[in-house]
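Data block below; observations after.
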Amino acid sequence: MAEILVLVDHADGAVRKPALELLTLARRIGEPSAVVLGAGDKAAELAAKAAEYGAVKVYVADGAEFADLLVVPKVDALAQIAGAVRPAAVLVTSSGEGKEVAARVALRIGSGIITDAIDLEAGDGGPVATQSVFAASFQVKSTVSHGAAVITVKPNAVAPEAAPAAGAVESVTVAFTGNAARVVSRTPRVSTGRPELTEAAIVVSGGRGVGAAEGFGVVEELADALGAAVGASRAAVDAGWYPHSSQVGQTGKQVSPQLYIAAGISGAIQHRAGMQTSKTIVAVNKDPEAPIFELVDYGVVGDLFAVLPQLTAEVKARKA
Numbered sequence: 018m019a020e021i022l023v024l025v026d027h028a029d030g031a032v033r034k035p036a037l038e039l040l041t042l043a044r045r046i047g048e049p050s051a052v053v054l055g056a057g058d059k060a061a062e063l064a065a066k067a068a069e070y071g072a073v074k075v076y077v078a079d080g081a082e083f084a085d086l087l088v089v090p091k092v093d094a095l096a097q098i099a100g101a102v103r104p105a106a107v108l109v110t111s112s113g114e115g116k117e118v119a120a121r122v123a124l125r126i127g128s129g130i131i132t133d134a135i136d137l138e139a140g141d142g143g144p145v146a147t148q149s150v151f152a153a154s155f156q157v158k159s160t161v162s163h164g165a166a167v168i169t170v171k172p173n174a175v176a177p178e179a180a181p182a183a184g185a186v187e188s189v190t191v192a193f194t195g196n197a198a199r200v201v202s203r204t205p206r207v208s209t210g211r212p213e214l215t216e217a218a219i220v221v222s223g224g225r226g227v228g229a230a231e232g233f234g235v236v237e238e239l240a241d242a243l244g245a246a247v248g249a250s251r252a253a254v255d256a257g258w259y260p261h262s263s264q265v266g267q268t269g270k271q272v273s274p275q276l277y278i279a280a281g282i283s284g285a286i287q288h289r290a291g292m293q294t295s296k297t298i299v300a301v302n303k304d305p306e307a308p309i310f311e312l313v314d315y316g317v318v319g320d321l322f323a324v325l326p327q328l329t330a331e332v333k334a335r336k337a
């Protein structure tokens, strides 16, 4: 089978969930090989995790450059590995950094690139990627016609499935090219205890209908009961009610959870573009004519301040 390189995202010594999703998808189109960069003394643990999810080989490269410099060291490593093994495809998580890495790698190895894929399948001419386009109004299937396909895949595109493989570790020495922005300081992100928005299986979002910053209290309570991330519409963010880092939409973050709950969100095209690929969508809105109801699987016409607390209480009761 053709070799498929998978760039493994990791943080705090653990493999991030989107990387396990990539390994799951890679098994559909070839033989997965994980690429673990800058993991230090955690490399063996990360390699073992990658093997648990199907990595037949694990390429490991380390160096201070991965921590001290932005993007370029990862591009150096991935491009050099791809040049040596000639894979059928290179898979990267579709994050801001991931898409920059993928674009630079594609340029380096002279290949085509597909971004924001939501599914992958094997095709006669190589991997076939499904994308959601035109503000998620259509789905298209795309292939790369030249070189190894470099594909970024949205988080939550597939549920990770374990499939233990050999996970043979191969150390790689990278020739770094330099010329990258240098990290001069780091400030840990304040933890909310909630999942990362783009990776969460459940997202509860509030919009203009919450009325004020304090109105997000009922949204957060429901999210915490469900173990969900909290999102916000552009209108709520522009009003200063919630931070931009939680904005869902065309100019914010794109999410594709198993369950998306929109509370007090009208459903403007800008917001829909960021969440329309969610597997199940539920909306709560007082306006029965709100555009969001054209999109949902389940809709509740009612006051979110009456509906959400009841839902939170029911979730807590069932958990108890």
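Quick note: the sequence shown uses our numbering, first residue 18, plus one each step. Where is the CB? At the ideal position from N, CA and C, for every residue including glycine.
Taking only the alpha-carbon atoms, compute the straight-line gap between residue i and residue j and give it to the nearest angstrom.
{"i": "A218", "j": "F155", "result": "23 Å"}
{"i": "D241", "j": "T190", "result": "44 Å"}
{"i": "P308", "j": "T329", "result": "25 Å"}
{"i": "I126", "j": "K270", "result": "29 Å"}
{"i": "T204", "j": "A230", "result": "25 Å"}
{"i": "A165", "j": "A105", "result": "5 Å"}
{"i": "A300", "j": "V317", "result": "6 Å"}
{"i": "L137", "j": "E117", "result": "20 Å"}
{"i": "E213", "j": "S111", "result": "14 Å"}
{"i": "V207", "j": "E238", "result": "19 Å"}
{"i": "A84", "j": "V107", "result": "22 Å"}
{"i": "A81", "j": "A337", "result": "48 Å"}
{"i": "D141", "j": "E331", "result": "50 Å"}
{"i": "A253", "j": "R225", "result": "5 Å"}
Using 10 angstroms around the beta-carbon of residue i, count the other beta-carbons present and answer buried if the total reaches 16, otherwise exposed.
{"i": "A94", "result": "buried"}
{"i": "Y315", "result": "exposed"}
{"i": "D29", "result": "exposed"}
{"i": "Q97", "result": "buried"}
{"i": "L321", "result": "buried"}
{"i": "H288", "result": "buried"}
{"i": "L37", "result": "buried"}
{"i": "E187", "result": "exposed"}
{"i": "E306", "result": "exposed"}
{"i": "E216", "result": "buried"}
{"i": "T209", "result": "exposed"}
{"i": "T297", "result": "exposed"}
Check residue i in the structure and name its three-state DSSP category.
{"i": "S263", "result": "helix"}
{"i": "F310", "result": "helix"}
{"i": "P305", "result": "coil"}
{"i": "Q271", "result": "coil"}
{"i": "R12", "result": "The chain is shown from 18 up to 337; residue 12 falls before or after that span and cannot be answered."}
{"i": "I286", "result": "helix"}
{"i": "A64", "result": "helix"}
{"i": "Q148", "result": "strand"}
{"i": "K171", "result": "coil"}
{"i": "T209", "result": "coil"}
{"i": "T132", "result": "strand"}
{"i": "E216", "result": "coil"}
Could you check how far apart the C-beta atoms of residue i and residue j are, in whole angstroms? I think they sit under 8 Å.
{"i": "F265", "j": "G291", "result": "Checking the sequence shown, residue 265 turns out to be Val, not Phe. Correct: roughly 4 Å between the Cβ atoms."}
{"i": "S273", "j": "A174", "result": "7 Å"}
{"i": "G281", "j": "A180", "result": "Between A180 and G281 the Cβ distance is about 42 Å, and since that is not below 8 Å, they are no contact."}
{"i": "V227", "j": "V221", "result": "That pair is no contact at about 11 Å."}
{"i": "V77", "j": "S50", "result": "11 Å between Cβ atoms; not a contact."}
Do we get a CB-CB distance below 8 Å when we pair residue i with the residues of chain C?
{"i": "K116", "result": "No chain C appears in this structure, which consists of one protein chain only."}
Handout entry: Cβ contact (3+ pairs, closer than 8 Å) linking the region 243-253 and the region 188-199
Key = no
Problem - Sufficient close CB pairs (3 or more, under 8 Å) joining the region 19-34 to the region 43-58 - result: yes
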